[in-house]
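Heads up, the sequence shown is in our numbering, so the first residue is 39 and it goes up one at a time.
We put the CB at the ideal spot given by N, CA and C, even for glycine.
None of the values given here were measured: they were computed from a predicted structure.
Inspection log for the structure reproduced underneath, given as structure tokens.
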Amino acid sequence: MTEVPPNLSGIKLIVIDNPPVNSLGLEVRRMLTREFASAEEDPAVKAVVLAGAGGKFSAGADIREFTDAKAVSQLYLGEVIDKIESLSKPVVAAVDGVALGGGLELALGCHFRVAGRTARVALPEITLGVLPGAGGTQRLPRAIEFAMAIEMATGGQMIGAGDKRLQGLFDEITEGDPRRAAILFAAKIIADGIGPRRLSEKAIPAEPAEAALQAARERLLPNPVPAMAAVLECLDDAIHRDFRTGLANERTRFGQVVGTPEARALQHAFFAEREVSKVPGITPETPVLPVEAIAVIGAGTMGRGISIAALDAGFAVTLVDVEAAALERALGAIESHYRTMVERKRLSEADADERRKRLTGSVDLSAAAREADLVIEAVFEDLKVKQEVLAKLDAAAGPNTILATNTSTLDVDALAVATSRPGQVVGMHFFSPANIMRLVEVVRGRATSDSTLATALKVVSRLRKVGVVAGVCDGFIGNRMLEEYLRQAYFLLDEGALPHEVDGALERWGMAMGPLRMMDLAGNDIGWAIRKRRKVEQPDRPYSAIPDLICERGRFGQKTGAGFYRYDGRKAIPDPEVDALVAEHSASLGFKRREIDAEEIVQRCIYALVNEGASVLADGIALRASDIDVVYLAGYGFPRYRGGPMHYANEVGLGRVVAAMQRFQQGYQGKFWEPSPLLAELARSGGRFK
Ligand code: 3HC
39 MTEVPPNLSG IKLIVIDNPP VNSLGLEVRR MLTREFASAE EDPAVKAVVL AGAGGKFSAG
99 ADIREFTDAK AVSQLYLGEV IDKIESLSKP VVAAVDGVAL GGGLELALGC HFRVAGRTAR
159 VALPEITLGV LPGAGGTQRL PRAIEFAMAI EMATGGQMIG AGDKRLQGLF DEITEGDPRR
219 AAILFAAKII ADGIGPRRLS EKAIPAEPAE AALQAARERL LPNPVPAMAA VLECLDDAIH
279 RDFRTGLANE RTRFGQVVGT PEARALQHAF FAEREVSKVP GITPETPVLP VEAIAVIGAG
339 TMGRGISIAA LDAGFAVTLV DVEAAALERA LGAIESHYRT MVERKRLSEA DADERRKRLT
399 GSVDLSAAAR EADLVIEAVF EDLKVKQEVL AKLDAAAGPN TILATNTSTL DVDALAVATS
459 RPGQVVGMHF FSPANIMRLV EVVRGRATSD STLATALKVV SRLRKVGVVA GVCDGFIGNR
519 MLEEYLRQAY FLLDEGALPH EVDGALERWG MAMGPLRMMD LAGNDIGWAI RKRRKVEQPD
579 RPYSAIPDLI CERGRFGQKT GAGFYRYDGR KAIPDPEVDA LVAEHSASLG FKRREIDAEE
639 IVQRCIYALV NEGASVLADG IALRASDIDV VYLAGYGFPR YRGGPMHYAN EVGLGRVVAA
699 MQRFQQGYQG KFWEPSPLLA ELARSGGRFK
């Protein structure tokens, strides 16, 4: 779309209009090529203003094209930008909303840049496993300080246009409409007879760029994402090679990394996180109830974390515990959390005060429920206890109030029937620490109404968390799968591995924390209680006795200073006492302990996740495989560059996954390796999880 602004003849306005985010797909690249060529030829045009429609400059390359090398290279974005930069007439970018990735590179190719105060810019390519491929690594360090260019290209974070670290990027920051300001800017440069000013013609002083780059290399390499080394190499080119050579190498390196498994995984994660909000039955018309006041019942670790998350998101919070002492302790802990935030300068005193003012403590459950739009119960994980609490809340709460349960394993339907409003009961399963972990499983019970579900999802998004809808089953998506993962981790100890070997293999593979360290952090007593319940419910599903033996010795994990490790503060130290216990247990099973390599450890733990994930999918507990991936990425420290368990299995090939499982069937506790019917079928037909 192009216009000539009225009364400002000589300025050609070119507008990128490709909703929703003005990504730079082939059609847009064609439009830009055409319109800039015509601007060059038209003697009436003295300057060009480039803007984006809908309040956004551009969110960059069309990521969907990345799976098709031919599509990317057709009218390659970098070449389009080069042509714009080489125009003989001045070009002004009007940066509104966002200029991300290729969008920022496009603005850098323009000769002048005017931005709105609220605009944000970034080079987020690295978060998608690629590097800026349209001149970003060469032009950005010629516009701003080299160290900041490194930070942006290797970190991908969004920066406000007015941030002083971006000095040099914009010629003008406007409080008003950036397009209008850019047009006025263009009129002025025409009047002043100012011609194009090209970043490609600027030189970069080797000092202090070299030192900043060396520090970045030391901090970021080696890195499991190949794009990281590539982007640092291109930044090095920016210092040492001429602009054209640097640009050519950037394009080559982009082509090399765009097809790597790590890039595919990161792009999968990007789309999976957007897909997750598409839920059958929920449309923009589904009524969402207004929620401002939240009551959190239970002042334990979870209740505290949920309260902080809700306060941080602007809700009024009443934290309830019938035990006054427990409530006092929790309020004290929340206060100390905010004090620390202020001390560490992560929060201003005024903001902390504002949050404190929105927090009330109460020992009166009914009174708190009466005032709340949403109640989240986080009391002891026991069906009877929770049913009683929910019945009390139901009796007191107003007719529209939604009752949410933070249960991690219990039957939400059985909890809902304890109330007179099963349609307004929903699971909201937070992960510990609840103010930090991004995941919330939003559990849709049999009776949960669409409006209740939509409201819960809206609250989760206001909490700046990712809500994944799950159906009702023991453990929902995440913990149901985790059980199989842990089962394998414990069996590996039975057979020959030591805790640090299991954790080490999985951590080197990319898990944020190995399973045994994770259980030590979560508290081994929690798993113990669940296993006791399961032993009654499902006596034929054996567990290794090792975690029980650990618990019997009072080794509940970090909180008791000992678990699968002993602890020096938070530091896990392998403990000979545990090694001896593990060896003794193996001997009692009649095992000659064997050395288990990292590959087997990883395959057994990860394929156990995949196999149960397939059942979760087949049972309709998760809406789609990519939702399972989001659960593991956002809640369990699964490496994003592996895309989540289901994506990873697709990458390995489901046939190969099943073949490995068949091998494991011959070994210890082989009966756990029966492939789920869905996995078996997909492997047979050469299919993939969708
Ligand atoms: N390409 C293709 N689709 C994109 C896209 C892109 N660059 N950016 C967003 N979308 C899609 C989303 O998938 C979503 O699609 P859906 O409605 O079908 O699910 C839709 O646009 C809206 O996106 P969001 O839901 O994320 O909308 P928000 O308003 O919450 O956020 C945003 C907008 C901040 C622009 C966010 O979408 C975003 O961060 N986008 C990615 C930006 C990015 O990483 N750009 C770099 C691309 S790589 C590159 O440019 C390479 C170059 O160097 C050669």
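Nearest-angstrom Cα separation, counted from residue j out to residue i
i: ASP586; j: ARG632; result: 22 Å
i: ILE227; j: SER47; result: 13 Å
i: THR486; j: VAL464; result: 6 Å
i: THR283; j: GLN176; result: 10 Å
i: PHE529; j: ASN60; result: 52 Å
i: LEU188; j: PRO246; result: For the record, residue 188 in the displayed sequence is Ile; it is not Leu. Distance between the alpha carbons of ILE188 and PRO246 is about 12 Å.
i: ALA199; j: GLY206; result: 11 Å
i: PRO179; j: ARG476; result: 33 Å
i: ALA384; j: SER499; result: Per the sequence shown, residue 384 should be read as Arg rather than Ala. Their Cα atoms are separated by approximately 22 Å.
i: GLY167; j: VAL263; result: 6 Å
i: VAL669; j: GLN707; result: 27 Å
i: ALA253; j: GLU288; result: 21 Å
i: TYR674; j: ASP563; result: 19 Å
i: ALA524; j: ALA301; result: It should be noted that the sequence gives Leu, not Ala, for residue 524. Roughly 29 Å separates the two Cα atoms.
i: PRO299; j: GLU163; result: 15 Å
i: PHE242; j: ARG279; result: Note on residue identity: the sequence assigns Ile, not Phe, to residue 242. Whole-angstrom Cα-Cα distance: 10 Å.
i: ILE440; j: PRO328; result: 11 Å
i: ARG482; j: ALA348; result: 21 Å
i: GLU712; j: GLU638; result: 17 Å
i: VAL42; j: VAL66; result: Confidence is the limiting factor: at VAL42 the pLDDT is only 47, short of 50, which leaves the residue's position unreliable, though a coordinate-based value still follows. Looking at the two C-alpha atoms, the distance is approximately 19 Å.
i: ALA225; j: HIS149; result: 14 Å
i: ASP451; j: GLY505; result: 19 Å
i: GLN462; j: LYS573; result: 32 Å
i: GLY705; j: SER624; result: 15 Å
i: LEU536; j: PHE602; result: 9 Å
i: LYS430; j: SER404; result: 7 Å
i: LEU237; j: ARG151; result: 12 Å
i: ALA583; j: GLY193; result: 44 Å
i: LEU531; j: ILE54; result: 59 Å
i: SER723; j: GLN703; result: 21 Å
i: GLU387; j: VAL497; result: 26 Å
i: ARG518; j: LEU51; result: 56 Å
Inter-residue CB distance, residue i and residue j (contact presumed, cutoff 8 Å)
i: LEU125; j: GLU78; result: 6 Å
i: PRO355; j: ILE332; result: Note that residue 355 corresponds to Val in the displayed sequence, not to Pro. With a Cβ gap of about 5 Å, VAL355 and ILE332 count as contacting.
i: ARG217; j: ALA89; result: 5 Å
i: ALA565; j: LYS597; result: Looking at the sequence shown, residue 565 is not Ala but Gly. In fact, because the Cβ distance is near 14 Å, the residues do not count as touching under 8 Å.
DSSP bridge partner residues for residue i (one or two, in chain order)
i: LEU530; result: Answer is none; LEU530 lacks a bridge partner.
i: ARG151; result: ALA131
i: MET466; result: VAL480
i: GLU522; result: BP columns for GLU522 are empty, so no partner.
i: ARG662; result: Partner(s): none; ARG662 has no beta bridge.
i: ILE211; result: ALA153
i: LEU138; result: ALA160
i: ALA508; result: VAL481 and ALA660
i: LEU421; result: The partner list for LEU421 (beta bridge, DSSP) is empty, contrary to what the question assumes.
i: ALA610; result: TYR605
i: LEU441; result: VAL413 and VAL463
Beta-carbon gap between residue i and residue j smaller than 8 Å
i: PRO128; j: GLY233; result: yes
i: THR378; j: ASP488; result: no
i: LEU251; j: ASP274; result: yes
i: LYS202; j: VAL136; result: no
i: ASP449; j: VAL510; result: yes
i: ILE659; j: PRO683; result: no
i: LEU692; j: GLY725; result: yes
i: VAL130; j: ALA153; result: no
i: GLY171; j: PHE292; result: yes
i: ALA456; j: ALA435; result: no
i: PRO460; j: HIS538; result: no
i: GLU415; j: ILE335; result: yes
i: VAL480; j: ALA454; result: no
i: VAL87; j: ILE49; result: yes
query = Unbroken beta strand (DSSP E) runs of length 3 or more, entirely within the stretch 365-417: which are they?
reply = 397-400 and 412-415, all fully within the stretch 365-417.
task = Go through the stretch 309-374 residue by residue and report every complete run of the alpha helix (DSSP H) that reaches 4 residues or more, in order.
result = Qualifying alpha helix (DSSP H) stretches, in chain order: 339-350.
Contained beta strand (DSSP E) runs [length at least 3] in the stretch 42-124, N- to C-terminal order = Runs of the beta strand (DSSP E) inside the stretch 42-124: 49-54 and 85-90.
request  = Would you list, in sequence order, the uninterrupted alpha helix (DSSP H) runs of no fewer than 4 residues that lie entirely inside the stretch 169-207?
outcome  = Counting whole runs of 4 or more residues, the stretch 169-207 contains the alpha helix (DSSP H) stretches 174-181 and 184-193.
query = Counting only runs that start and end within the stretch 568-643, where is the alpha helix (DSSP H) found for 4 or more residues in a row?
reply = 584-590 and 614-626, all fully within the stretch 568-643.
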